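First up is the structure itself, then whatever we jot down about it.
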Amino acid sequence: MPLDPIEEEKEIQDIVHELSKDIEKDRNFAKQVKRLLFLGFLTLSISSVVVLLSYLLYLSFSVDQLQTEVKAKDKMLQEMEESLSSLMYQEQLREEQYLTSESEIDESLQKQVEKNINYLKEVSKETKGKNILRGNEKYKEIALTFDLATGEELALLYQYVKEYNIKITIFLSNERPSDTSGSFFVRSNLDLIKRLAKTGNVEFGNHTWSHFNYSRSVSETSQRKRTVLEYLSKSVLDLTRMAEELKRVEDIFYALTKQELKKYYRLPYGAINQLILDAHASIGYTQHIMWSRNNKGSLDLPDYIHKQFVYQNQNGKRVVVKNPYYKTSQETLDYLDLWESVDPHGMNGAIILMHLGSPRKFDKLIYILPEFIKKMQKKGYHFNTVSEVLNDKED
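In our numbering, the protein residues as written are 33 to 427.
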């Protein structure tokens, strides 16, 4: 039965109304979704900005902290450098203060010194020590020798020995009269000495434990000077102490390497006399290894001279002048060329001295070795140990 037109229209309106409500719901839902998306994006953006700002603040704080630490370390390094640079000056100053001071009472050790010298003469009557300045001049062999100081360049020296297949000799010392500090108390030094010994290309001699000036430590009569000056033994240096100085180095080397130290020695500063040489011969050390020299000068390379300029008094004024003992790397290479060219034997049997560690921090002379080694090898020279340079055959 057909619907009444009025009923039909009402039904259509109801359907339209329901559709309108559904459409409105969909619109409201879409708006809510958009609002939520917007709020989510806004929240995420704000969070990202906050995180970024926090990170930037952290970075800024970290940079400030690092800069503070760097400044502190720079200051520390500068203070250390100044301390090292003034060491020799401080020693000289302390000696000057002693010489000009009249307020302190000094104790004379004249009797002890005389008694010790007489004893050294007596025990060394039958022995004769030898000071060796050069090896066999018949062969093109050079002895490159190093005295252990702070040991800073040991790693570089190990690299050179391996790379250029050279043989060298190192004279070992603790560098100071201490039982708790010094070259032998640096772990890296001990490790590198052990590695160098294993190469088979390195010979080791004795440079004494405490690094005293032996000549003055035997003869100095002022107790005040002995107390103030670090390079003097506090008591008169007798034969027992000389033997102990050598034995301590021997023992630590054997403990490290299970090898015996060669019976060659080099006293600090080259401070020797015949009495000291003979005394050492009486305890088994007959050969003191110095360094070579000719009319152009010595082969004690000035790698320990770190001041390029010094003060000098001229006409009552204190002026800055170039340090005559300081040599740059190039000046040292030129000097070695000149030394070889004027010597009638060239560098045959030459003994060169360098140091492993010194106050010199820039233009270190050890960096000339690659150029010097290659140049001399091209000329037919070989770099050998002291033992090989001293013997009567070509090694």
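A virtual CB, placed ideally from N, CA and C, is assigned to each residue, including glycine. Quick caveat: nothing in here was measured; it's all calculated off a predicted structure.
Taking the CB atoms as reference points, tell me whether SER138 and GLN291 lie closer together than 8 angstroms.
-> The question names Ser, but residue 138 is Asp in the sequence shown. No.
Which of the three DSSP states, helix, strand or coil, is assigned to SER140?
-> DSSP places SER140 in strand when its eight states are reduced to three.
Taking the DSSP output, what are the residues bridged to ILE200?
-> In the DSSP output, where bridge partners are listed per residue, ILE200 has VAL234.
How many angstroms separate the CA atom of VAL418 from the CA atom of MET322?
-> VAL418 and MET322: Cα-Cα distance of roughly 11 angstroms.
Sufficient close CB pairs (3 or more, under 8 angstroms) joining the stretch 218–234 to the stretch 256–271 = Counting Cβ pairs under 8 angstroms, fewer than three are found: no touch.
Could you spell out where the alpha helix (DSSP H) holding ASP283 opens and where it closes?
-> Note, ASP283: alpha helix (DSSP H), 271–289.
For TYR149 versus THR177, is the C-beta distance shorter than 8 angstroms?
-> What sits at residue 149 in the sequence shown is Ile, not Tyr. The Cβ-Cβ distance between ILE149 and THR177 does not fall below 8 angstroms.
Measure the beta-carbon distance from SER249 to LEU269 and round it to whole angstroms, keeping in mind my assumption that it falls under 8 angstroms.
-> SER249 to LEU269, Cβ: 4 angstroms. Contact.
Count the other C-beta atoms from every protein chain shown that fall within 10 angstroms of the C-beta of ASP179, then say buried if there are 16 or more, exposed otherwise.
-> A residue is called buried when at least 16 other Cβ atoms come within 10 angstroms of its Cβ; ASP179 meets this threshold and is buried.
Just tell me which of SER267, THR259, SER77 has its CA closest to the CA of VAL145.
-> Ranking the options by Cα distance to VAL145, first place goes to SER267.
Alpha carbon to alpha carbon, how far is LYS406 from SER210?
-> Distance between the alpha carbons of LYS406 and SER210 is about 39 angstroms.
Would you list the residues sitting across from TYR343 in a DSSP beta bridge?
-> DSSP, once it has assigned bridges, lists VAL352 as partnering TYR343.
Buried or exposed: VAL352, going by 16 or more other Cβ atoms within 10 Å of its Cβ?
-> Result: exposed.
Out of curiosity, what's the CA-to-CA distance linking GLU282 and LEU307?
-> Spanning the two alpha carbons is a distance of roughly 23 angstroms.
Considering HIS312, what are the terminal residues of the beta strand (DSSP E) in which it resides?
-> Looking at the DSSP string, HIS312 is not in any beta strand (DSSP E); the run it does join, the alpha helix (DSSP H), is 306–313.
Quick one: what's got a C-beta closer than 6 angstroms to ASN206's C-beta in the same chain, skipping five residues either side?
-> Only residues of its own chain outside the window of five on either side were considered, and among them GLY214, SER215, PHE216, TRP241 have a CB closer than 6 angstroms to the CB of ASN206, listed in chain order.
Is it buried or exposed for LEU293, if we count other Cβ within 10 angstroms and need 16 for buried?
-> Flag for LEU293 reads buried.
Bridge partners of PHE178, per DSSP?
-> Looking at the DSSP assignment, PHE178 forms a beta bridge with ILE202, MET386.
Let me know the secondary structure DSSP gives TYR296 once reduced to three states.
-> It is a strand residue.
Using DSSP with H/G/I as helix, E/B as strand and the rest coil, what is SER213?
-> SER213: coil per DSSP, three-state reduction.
is_contact[VAL342, chain C] using C-beta, thresh 8 angstroms | Annotation note: the requested chain C is absent from the structure, which comprises a single protein chain.
From TYR301 to HIS239, what does the alpha carbon distance come to, in whole angstroms?
-> Between TYR301 and HIS239, the C-alpha separation is close to 10 angstroms.
Separation of ARG350 from MET386, as counted between CA atoms = Using only the alpha carbons, I get a separation of about 32 angstroms.
With DSSP run on the structure shown, which of helix, strand or coil describes SER254?
-> In the structure shown, the three-state DSSP call for SER254 is strand.
Where does the unbroken alpha helix (DSSP H) through ILE398 begin, and where does it stop?
-> Segment: none, ILE398 is in no alpha helix (DSSP H) and carries neither H nor E.
Leaving out five residues before and five after GLU113 in sequence, what residues of the same chain have Cβ atoms less than 7 angstroms from its Cβ?
-> Here GLU113 scores only 43 on pLDDT, less than 50, and its place in the model should not be relied on; the value that follows carries that caveat. Answer for GLU113: LYS393, listed in chain order.
contact_flag[the stretch 310–321, the stretch 353–373] where n(CB pairs < 8 angstroms) is 3 or more = Two segments are said to touch when three or more pairs of C-beta atoms, one from each, lie closer than 8 angstroms; by this definition the stretch 310–321 does not touch the stretch 353–373.
Residue(s) in a DSSP beta bridge with HIS320 | Answer is ASN163, TYR297.
Length of the line joining the Cα atoms of SER220 and THR289 = About 15 angstroms.
Determine the burial state of TYR246: buried for a count of at least 16 other Cβ atoms within 10 Å of its Cβ, exposed for fewer.
-> The residue is buried, with at least 16 neighbouring Cβ atoms inside 10 Å.
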